[in-house]
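Enquirer:
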Amino acid sequence: MLIQLTIRNYALIRHLEIKPSAHLNVITGETGAGKSIMLGAISLLLGNRADTKVLWDDSEKCITEGVFDISSYLLKDLFESENLDYELQTVIRREISPNGKSRAFINDTPVTLEVMKKIGSRLMDVHSQHETLELGSRLFQLQLIDTFAANQKLRTEYALLWKVFNRAKTEYAALVSEADTLNQEADFVRFQLDELVKVNPGENEQEELESQLKIIEHAEDIKTRFNHALALLNGSEVSLVSLLTEVRSQMNPIANYAPAYEQLFRRLESARIELEDILGEIEREEGRVEFDPRRSEEIKERLSLIYQLFQKHRSKSIRELLVIQESLQLKADKTSNLDSSLADAKSMLEKATAELDKQANEIKKSREKVFTPLCNQIIALLKGLGIPEARLMIENQPVPPGPTGSDSIEILFSANKGVVPRAIAQVASGGEFSRLMFCVKYVMAEKTSLPTLILDEIDNGVSGEIAIQLGAMMKEMARRHQLITISHLPQIAAKGDTHYFVYKDNSSTKTITHVRKLDENERVEEIAKMIGGAKPSTLALENARELMEG
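Each residue of the sequence shown is one higher than the one before, counting from 10 in this note's numbering.
(1) Identify the continuous alpha helix (DSSP H) that holds residue 17 and give its terminal residues.
(2) Less than 8 Å between the C-beta atoms of residue 453 and residue 33, yes or no?
(3) Where residue 235 and residue 295 are concerned, what is the direct C-alpha to C-alpha distance, given to the nearest angstrom?
(4) Give the range of the alpha helix (DSSP H) segment to which residue 316 is assigned.
(5) Is the CB-CB distance between residue 164 and residue 155 below 8 Å?
(6) Out of 211, 160 and 480, which has the shortest C-alpha to C-alpha gap to residue 373?
(7) Keeping to the same chain, check which residues put their C-beta closer than 7 Å to that of residue 275; ignore five residues upstream and five downstream.
(8) Tell me which residues share the same chain as residue 82 and place their Cβ nearer than 8 Å to its Cβ, disregarding the 5 neighbours each side in the sequence.
(9) Which residue marks the beginning of the alpha helix (DSSP H) containing residue 530, and which one marks its end?
(10) Should residue 330 go down as buried or exposed, given a rule of 16 or more other Cβ atoms within 10 Å for buried?
(11) Work out the CA separation of residue 468 and residue 494 for me, nearest whole Å.
(12) Ignoring anything shorter than 4 residues or poking outside the region 335-413, list the alpha helix (DSSP H) runs there in chain order.
(13) Closest by CA to residue 355, which one among 183, 269, 393 and 544?
(14) Flag this pair as yes or no: are the beta carbons of residue 490 and residue 37 separated by less than 8 Å?
(15) Tell me the rounded alpha-carbon separation between residue 93 and residue 79.
(16) Report buried or exposed for residue 334, applying the criterion of at least 16 other Cβ atoms within 10 angstroms of its Cβ.
(17) Can the beta-carbon of residue 471 be found less than 8 Å from the beta-carbon of residue 157?
(18) Between residue 486 and residue 176, what straight-line distance do the alpha-carbon atoms span, to the nearest angstrom?
(19) DSSP beta-bridge partners for residue 33?
(20) Any idea if residue 463 is buried or exposed, counting beta-carbon neighbours within 10 angstroms, 16 or more meaning buried?
(21) Could you spell out where the alpha helix (DSSP H) holding residue 251 opens and where it closes?
(22) When you compare each of 306, 166 and 151 to residue 226 by their alpha carbons, which one comes out closest?
(23) With a threshold of 7 Å on Cβ separation, who are the neighbours of residue 366 within its own chain once the five nearest residues in sequence on each side are excluded?
(24) Measuring straight from C-alpha to C-alpha, what distance separates residue 524 and residue 128?
(25) Would you kindly check if the distance between the Cβ of residue 337 and the Cβ of residue 253 is under 8 Å?
(26) What does residue 178 pair with, by DSSP beta-bridge criteria?
(27) Would you mind sorting residue 423 into buried or exposed? The rule is 16 or more other CB atoms within 10 Å of its CB.
(28) Does residue 119 come out as helix, strand or coil in the three-state DSSP assignment?
(29) According to the Cβ coordinates, are residue 257 and residue 285 closer than 8 Å?
(30) When the Cα of residue 67 is compared with those of 21, 312 and 288, which residue comes out closest?
(31) DSSP three-state label for residue 415, please.
(32) Return the chain-ordered list of same chain residues with a C-beta closer than 6 Å to the C-beta of residue 13, the five sequence neighbours on each side being excluded.
(33) Grab me the residues of residue 371's own chain with a C-beta within less than 7 Å of its C-beta, minus the 5 sequence neighbours each way, in chain order.
(34) Are residue 42 and residue 513 close, meaning C-beta to C-beta below 8 Å?
(35) Would you call the region 115-128 and the region 93-103 in contact, with 3 or more CB pairs under 8 Å?
(36) Taking residue 444 and residue 492 to be in contact with their CB atoms under 8 Å, please state how far apart those CB atoms are, rounded to whole angstroms.
Right under this line is the structure:
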């Protein structure tokens, strides 16, 4: 419920602050005093757009702020889904700067107008006699019936099944589409895979073959150079090995004269051993080199196959070919298991469809069960509010299962005798519609926790006993839910738990709208004025007290 409302610098309002009662709050005042201006400011908290024309002082920003107790609204999941801090006492604030920039905040976190609208609509429900869209909405009518039928558990279970059904449907459709593609590509995929498997390239094979081919093609040059190197190393009396051996023999006798000499001798010995090892390795490599035309052709043919695969698959390495081969193998395996996968997916979809249909049928039965009692209750309330010939009926056309079930609900209404009930938006006048909407809210209030309900002069067109009955219904409804009603009827004003009076102050250079909470004596005076005019008589004062005590 709304704990505190603050409005600054909006239209004719310089500063306004009210702390409504948890029950029935009545706002009265002369026509044009600014009652509807308050609604305009409140609408900012519902995400409605505004411009700088709303500023009372165009050099300062406009601020509208509402503090709400949301402990009974079950909104934690919604707050978390929007990445908002969930606070049992939530603050919604809207700012309009002089340059026209609008900013919205929920618990001091900046939000978009869309998020503010989503959250605000769960905290406040503003209804005026001109508002016909909500009750004419099929979705709202369905919500009314589900609320009356206490279908929350059924709807929650259905919502889960709807998700399962949609996932199964999407997966099956995707698999069918993929199956068509795989079947069309199957022969080509198998051909490409068989080709790669047949060639079976090794990961480092290309580099090894290219190296072998270079050795074969340059065998004569390689052997010549190896033999010349061997001759230089150990082929004559002045070879490197013999020279190094001579140097070693010269250093050996003096090696123990000094640590430095010993270190030099050891390094020479190490060089001799390394040189002899190099010599042996060259001899072995030279022995392996031979010109083999047959092997050369084999290598060239093998490399040609690999290069062809590179070109065909637009790859640059055997590693890339192996990745492609793995991908083709997966496709081939999937194609091989396609019938089984399709059968499993189809079975899951059929199971999900059957469970969804069963749950939709349960909801349908629950809804249709309350059609008559719901209509009867609303008709009885409407008769008490001065529409004695009211008729209400509910049509339900079966439709394929959707997010809310397999029902297409349409509430039909007639306010006059002999007139066939038709869709609500087509037949109800402003006053009739307001009373119908109030009766709907009254019925819903008995079944669920409603947001703060703000009623803008929905009592237009009623008077006398009907006004008394309307006031009594508001009083009863406000025992369980917070109501704020703007009214011009003394019968309504007398039922308020809290009474606010809106008036204009023209004492300065610019008109200002003020709101004052009335005490008991002031309430009697105001209600008496609503009965008998600006200077109420003693009888009007007595009538006011009688209405307040009634």
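Where is the CB? At the ideal position from N, CA and C, for every residue including glycine.
Please read these numbers as outputs of a predicted model, since none were measured by experiment.
Expert: This is what the structure gives:
(1) Run containing residue 17: none in the alpha helix (DSSP H); it sits in the beta strand (DSSP E), 11-19.
(2) no
(3) 6 Å
(4) 302-322
(5) yes
(6) 160
(7) none
(8) 131, 132, 458 and 460
(9) 529-541
(10) buried
(11) 9 Å
(12) 347-393
(13) 183
(14) no
(15) 14 Å
(16) buried
(17) no
(18) 43 Å
(19) 492
(20) buried
(21) 249-260
(22) 306
(23) 410
(24) 27 Å
(25) no
(26) BP columns for residue 178 are empty, so no partner.
(27) buried
(28) strand
(29) no
(30) 21
(31) strand
(32) 28 and 76
(33) 163
(34) yes
(35) yes
(36) So it is not a contact: roughly 15 Å between Cβ atoms.
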